[in-house]
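Worksheet for the structure shown next.
Protein chains in written order, with my numbering: chain A, 1 to 185; chain B, 1001 to 1209.
Rendered as structure tokens:
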């Protein structure tokens, strides 16, 4: 829609009263943007017309870059916050995994040496593999937390593995951790 | 080298996509799309925030907070609605909150300042300063302090950003009639303020609306 000067001037009151249709309003603003005489007339009619031509505040590229950098930093912080907030869940999951691992080991350990040695290994080798897990004279369970270094024997398990026996007493399920440093994670 | 090339190409492609599509890609975790939106929308967000909070430094803070809020809430963005409206809504609300908190912080200070200003007006200092100030933006900053946050936001979005009242209603989370009411009151207060601080600019606007 294109309006003449007189048509624009006739609409000043309606503009201020929010009584113009969207197209008419746009046409008035566009006209004021290009007609100095009507702009002066508009400001004389209603001082608020001075703001109708107040364009957007220029934003320098450096300001925009600064804001982007700040937003990136903010996002990095938010992500870090989220990671810090998640440990309780992870700890819970960790406990579950520990419990599952303990159960698995409990089930595995008594028969583990025999099962982990090659099925077709001779009985002597199988016995050596079993000793690598169970130290000599360990007929009674080891005290909780006692560290049992791999004692050698048949190399069915990596030499740099350490076995931690957390068994609490006779009759209790046996809990053993095997830390294998030969595995690169 | 290939990765650098791919990223640059991705950035260029992002620059050509419409807002809505960029927002959808950003919602899916594409950081380059999100950054393209930040770069594109910063001038508009800073401009609106600048009018509402009254100074460039605070406006930049509000813009940063707004984009961070957008990133946090991207999962909630519904692409059936205009991204611009959603962004303006977040930025405007943050600017209004910012204004409220800074106003409450300055309450004690303002009480003293008001007395000083009254004395200046009596001696005509303030009036002569206003007459020298021909910048619409600076004039607005000086007289808009009497408006509430919502009145100011409604006037800025309508008169300076040229948005429809229906869009402003969505941004301010109110009805269109409330927007018109905010605009009516904002205009009345601003006219009165112009008459007070810059009678030379008031012209025939002495008419009461």
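Every residue, glycine too, gets a C-beta built ideally from N, C-alpha and C.
Computed from a predicted structure; not experimentally measured.
Residue 1055 of chain B in three-state terms, based on DSSP: One-based indexing of the second chain puts residue 1055 of chain B at position 55. Residue state, collapsed to three classes: coil.
Neighbour flag for residue 1062 of chain B against chain A, beta carbons, 8 angstroms: Reading the second chain from its first residue, position 62 is the one you call residue 1062 of chain B. By this cut-off, residue 1062 of chain B is not an interface position.
Residues in the region 1004-1037 of chain B having any Cβ partner in chain A nearer than 9 angstroms: For the region 1004-1037 of chain B, which is checked against every Cβ of chain A, the residues closer than 9 angstroms are 1031, 1034, 1035.
Straight-line gap, residue 1173 of chain B to residue 1056 of chain B (C-alpha atoms, nearest Å): Here residue 1173 of chain B refers to the residue found at position 173 when the second chain is read from its first residue. Here residue 1056 of chain B refers to the residue found at position 56 when the second chain is read from its first residue. Their Cα atoms are separated by approximately 26 angstroms.
Chain-ordered neighbours of residue 1187 of chain B on chain E, where CB pairs are closer than 7 angstroms: No chain E is present in this structure, whose protein chains are A and B.
Whole-angstrom distance between residue 1150 of chain B and residue 1023 of chain B, CA atom to CA atom: On the second chain, residue 1023 of chain B is found 23 positions in, with the first residue counted as 1. On the second chain, residue 1150 of chain B is found 150 positions in, with the first residue counted as 1. Residue 1023 of chain B and residue 1150 of chain B: Cα-Cα distance of roughly 27 angstroms.
C-beta neighbour in chain A for residue 1191 of chain B, strict 8 angstroms: As a working note, residue 1191 of chain B is residue 191 in the second chain. Interface residue, yes.
Three-state secondary structure (DSSP) of residue 1162 of chain B: Within the second chain, the letter at position 162 stands for residue 1162 of chain B. Residue state, collapsed to three classes: coil.
Buried versus exposed, by CB contacts within 10 Å (16 or more), residue 21 of chain A: For the purposes of this step, residue 21 of chain A is taken as residue 21 along the first chain, with counting starting at 1. It is exposed - the Cβ of residue 21 of chain A has fewer than 16 other Cβ atoms within 10 Å.
Simplified DSSP state of residue 15 of chain A, which is helix, strand or coil: Numbered from its first residue, the first chain carries residue 15 of chain A at position 15. Residue 15 of chain A: helix per DSSP, three-state reduction.
Assigned secondary structure, residue 1085 of chain B (DSSP; H/G/I helix, E/B strand, else coil): Looking up residue 1085 of chain B in the second chain gives position 85. When secondary structure is reduced to three states using DSSP, residue 1085 of chain B falls in the helix class.
Helix, strand or coil at residue 76 of chain A according to DSSP, with G and I counted as helix: Position 76 of the first chain, counted from the start, is the residue given in the question as residue 76 of chain A. Taken through DSSP and simplified to helix, strand or coil, residue 76 of chain A comes out as helix.
Under 8 angstroms between C-beta atoms of residue 1091 of chain B and residue 1038 of chain B: Sequence index remark: in the second chain, residue 1091 of chain B carries index 91 (1-based). Sequence index remark: in the second chain, residue 1038 of chain B carries index 38 (1-based). No.
8 angstroms contact criterion, which residue 1066 of chain B and residue 1094 of chain B should meet: CB distance rounded: Position 66 of the second chain, counting from 1, holds the residue named residue 1066 of chain B. Position 94 of the second chain, counting from 1, holds the residue named residue 1094 of chain B. In this structure, residue 1066 of chain B and residue 1094 of chain B form a Cβ contact; the two beta carbons are roughly 5 angstroms apart against a cut-off of 8 angstroms.
Segment contact, 8 angstroms Cβ cut-off, at least three pairs: the region 1187-1198 of chain B with the region 23-40 of chain A: Segments in contact, no.
Near the ligand GTP: residue 1062 of chain B beta-carbon under 7 angstroms from a heavy atom: In the structure on display, the ligand GTP does not appear, and there are no ligands present to speak of.
Proximal residues of chain A, C-beta to C-beta of residue 1176 of chain B below 7 angstroms: For the purposes of this step, residue 1176 of chain B is identified with residue 176 of the second chain, where counting begins at 1. Listed along the chain, the chain A residues whose CB falls inside 7 angstroms of the CB of residue 1176 of chain B amount to none; the nearest CB is some 10 angstroms away.
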